[in-house]
Amino acid sequence: MANLRKNADIALFAGAAFLLLIGFSLYYVQLAGAEGFIIIHFLGGRGADFLGEKSNALHMLFAGSVMAILNAFIAAALYTRNRALARLTAVLTALIALLIVIALSCIIAVN
């Protein structure tokens, strides 16, 4: 039973890594040819209110990757002491990776 729980945590971190890999592939496929400024934030009624370069979207992906790696080390350290916190860390990392990919998809859709 303990191996199943540990494998579930590993699967959650692998899912987060896979989502970030999807984000990197979306970035390179859709934004590779973009030149100049892109719209980073868009309000429906008011229009674009924050412009940036395409490297800003790449920095968002790198920050998510670093955060996922650090959370994996934290969850590994917590696993022997408190498995509930390790599982919570794994679930939150997967959800944040999903939110990063959704935000990148919205940036791509607007541009």
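If you're matching positions, the sequence shown starts at -14 in the working numbering and goes up one per residue.
Each residue gets a CB set at the ideal place from its N, CA and C atoms; glycine is no exception.
Since the structure is predicted, the reported quantities are computational estimates derived from the model, not experimental observations.
Span of the alpha helix (DSSP H), counted from its first residue to its last, around residue i
i     : result
Thr78 : 68 to 95
Phe58 : 39 to 64
Neighbourhood of residue i by C-beta, 8 Å cutoff - its chain only, sequence neighbours within 5 removed
i     : result
Ala88 : Met45
Tyr64 : Lys(-9), Asp(-6), Ala71
Rounded C-alpha distance that separates residue i from residue j
i     : j     : result
Phe58 : Ala42 : 25 Å
Ala53 : Arg72 : 13 Å
Cys91 : Leu70 : 31 Å
Leu6  : Val14 : 12 Å
Beta-carbon separation (whole angstroms), residue i vs residue j, contact threshold 8 Å
i       : j     : result
Leu(-3) : Ala79 : 5 Å
Beta-carbon proximity of residue i to residue j, cut-off 7 Å
i     : j     : result
Gly37 : Ile85 : no
Leu83 : Leu16 : no
Residues near residue i in its chain [Cβ-Cβ closer than 7 Å; skip 5 each side]
i     : result
Phe22 : Leu36, Gly37, Glu38
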